[in-house]
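A.B. asks: To start, I am sharing the structure in question, which I have written as structure tokens.
Residue numbers (the numbering used here): 19 to 127.
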């Protein structure tokens with residue numbers, strides 16, 4: 019039997035040491051340890067991840083703002099006069115506006 023010709027796990031095919039890799043918690047792809055973002059999840063420059071993060075935060079703040087606006091309007095006109103349609107339209111309209119604003123703000127960075 020001859021010597022084992024396989025390369026160690028920390029070497030690439032040319033025999034040089036390969037960079038240490040970790041698994042991305044979102045997609046389970048191997049990425050270098052020092053990478054600030056996963057190129058599979060966030061795109062080549064990380065912008066896709068920033069847009070999704072901005073959309074999520076924009077939705078959250080827009081939803082809260084819409085809920086507060088609906089509550090203030092409901093208090094102003096009285097609970098007897100309040101219907102579901104304007105309350106839901108205000109709440110979800112503000113949430114949709116928050117998504118768009120959040121994506122625009124993070125796109126420019």
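The beta-carbon is built from N, C-alpha and C at its ideal position, and this holds for glycine as well.
Thinking just about the alpha-carbon of each residue, which of 120, 85, 121 is nearest to the one in residue 106?
C.D. replies: Position 88 of the chain shown, counted from the start, is the residue given in the question as residue 106. It is 85 whose Cα lies nearest to the Cα of residue 106.
A.B. asks: For residue 50, report the span of its beta strand (DSSP E) as first-last.
C.D. replies: Here residue 50 is taken as the residue at index 32 of the chain shown, counted from 1. From DSSP, the beta strand (DSSP E) with residue 50 extends over 48-50.
A.B. asks: For residue 59 and residue 109, what's the separation of their Cα atoms in angstroms?
C.D. replies: If you number the chain shown from 1, residue 59 lands on position 41. If you number the chain shown from 1, residue 109 lands on position 91. Rounded to whole angstroms, residue 59 to residue 109 spans 30 angstroms at the Cα level.
A.B. asks: Does DSSP put residue 149 in a helix, in a strand, or in coil?
C.D. replies: For residue 149 there is no data in the structure shown, the boundaries of the chain being 19 and 127.
A.B. asks: What separation, rounded to the nearest whole angstrom, lies between the Cα atoms of residue 51 and residue 38?
C.D. replies: Mapped onto the chain shown, residue 51 falls at position 33. Mapped onto the chain shown, residue 38 falls at position 20. Taking the straight line joining both Cα atoms gives about 6 angstroms.
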